[in-house]
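Below: one structure, written as structure tokens.
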Amino acid sequence: MNKITIIGAGAAGIGMGVILKQLNYPDFQIIEQGEIGDSFQKWPKETRFITPSFTSNGFGMPDLNAVTVDTSPAYTFGMEHLSGRQYAHYLKLVAQAYQLPIVEHTTAKEILTVDDGYQVITSQDTITTKYLIMAVGQYHTPRLIPHPENVLHYSQVDSWESFSGHDQIIVGANESGINAAINLAQRGDKVTVITDETGLDADEADPSIRLAPHTQHWFMNLLLDHADRVNLVRHQHLVDVIHNDHGYELLFEDGRRMESKERPILCTGFVAGPVTLWPDLFRFDGNQMVLNEFDESTVASNIFVVGPDVRHQDAIFCYIYKFRQRFSVVMEEIAKREVLDISDLIEANQRNDFYLDDCGSCGVACRC
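Position one of the sequence shown corresponds to residue 308 (the numbering used here), numbered consecutively onward.
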């Protein structure tokens, strides 16, 4: 029996595993349905991190994309904006350096409640565990429409090179939608971007709401050089896409219809992975998974969530530099239940901005 089982070996799962290794915690395992960093490996080839990497670790400000205090993707690759494949390689290096107990190509199919915890029925065997830490992320659970076969979701794109030479419709104008528009327009495509909302001109300073400076700068330069290639249509909410003899017909909430010869590209984001995969283990309120103050399920004790799905009050923990600050909060609560003293680790992580337990302090207010 493993005392702790982590599901997912992406940024959140690797980061959580490192904390357990730093504590010399013996009874844990990480299972991953693909390979380490699987979601990052599936990013479109051209996609880059919008958060810049910089080796500032020695000054109490770890690299924004690091999952540990003592590593830096910028140092490893000499780059600010890594590709998904590069970042997956970084995660593999971290896993090797800390000798994390990871079992790849193992899918968690079913989770059953038993007297001493949970049984995780996987594609390989059955694991009994007291604590479950869900680090499955979102990339494998895209937000789709009633007929998903009639669209191409951003997560299904291997490279934008194969799209050149066509008029394209993109649905969604936040990070992935604008990223898709930039890549296609730079290759000569004419792109119509349709959206009900966009972070392009959001008043909020929070990068989880406002478009990242890297993306905004790139998009503004595109408009200066190729304004004729991009048409942005706002305040339109897509309901469905129907395939017909002429191609595809987009249906919108206000009754508007639009024709396209090509499959529209859906860039409407993702939904919470844990709730999608195991809905009985979590409570869902509207579009939000409900967690307690320790990032634990409110309906299944000892099941915790780490990664981009975490929300508290108005705080959105969707970036690595945000959700890594909750790893120690989860571990601290498990340690209390196991009567373990991890105060040295907590203090070290607090000094390095790797610990945030007061989400009421997360408001972003910028004067200029």
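A virtual CB, placed ideally from N, CA and C, is assigned to each residue, including glycine. Treat the numbers as computed from the prediction; the structure is a model and nothing was measured.
With respect to Asp660, Pro369 sits close: the two C-beta atoms are nearer than 8 Å. Taking C-beta separations shorter than 6 Å and ignoring five residues to either side along the sequence, the partners of Thr499 in its chain run Ile476, Asn538, following chain order. Ile649 is positioned such that its CB atom lies closer than 8 Å to that of Met638.
Inside the stretch 467–497, DSSP marks whole alpha helix (DSSP H) runs of 4 or more residues at positions 482–493, from first to last along the chain. An exposed status is given to Ser668, since fewer than 16 other beta-carbon atoms sit within 10 Å of its beta-carbon. When Gln348, Ile343, Trp350, Tyr382 are compared, the shortest CA-CA separation from Pro359 is found for Tyr382.
When DSSP states are grouped into helix, strand and coil, Lys328 belongs to the helix group. Non-local C-beta neighbours of Thr575 in its own chain, meaning closer than 7 Å and more than five positions away in sequence, comprise Arg450, Val478, Gly479, ordered along the chain. For Ala402, the three-state secondary structure derived from DSSP is helix.
Per the coordinates, the alpha-carbon of Asp496 lies some 37 Å from the alpha-carbon of Ala622.
Excluding sequence positions up to five before and after Phe347, its CB lies within less than 6 Å of the CB of Gly391, Tyr394, Ala395, all in the same chain and listed in chain order.
For Ser567, the enclosing beta strand (DSSP E) has its first and last residue at 564–567. If you ignore the 5 residues before and after Tyr446, its C-beta comes within less than 7 Å of the C-beta of Ser346, Lys349, Ser462, Phe577, all in its own chain and listed in chain order.
As a beta-bridge residue in DSSP terms, Asp592 pairs with Gln595.
At the C-beta level, Leu558 and Val546 come within 8 Å of one another. When rounded, the separation of the alpha-carbon atoms in Gly562 and Leu647 is 59 Å. When the alpha-carbon of Lys310 is set against those of Val671, Gly614, Arg658, Arg644, the nearest one is in Arg644. Pairing Gly614 with Asp552, the inter-Cα distance amounts to about 43 Å. Residues Asn364, Pro369, Ala655, Asn656, Asn659, Phe661 of the same chain have their beta carbon placed closer than 8 Å to that of Val376, with the five preceding and five following residues left out of the count. Boundaries of the beta strand (DSSP E) around Thr420: 415–421.
If you ignore the 5 residues before and after Ala579, its C-beta comes within less than 6 Å of the C-beta of Met596, Asp616, all in its own chain and listed in chain order.
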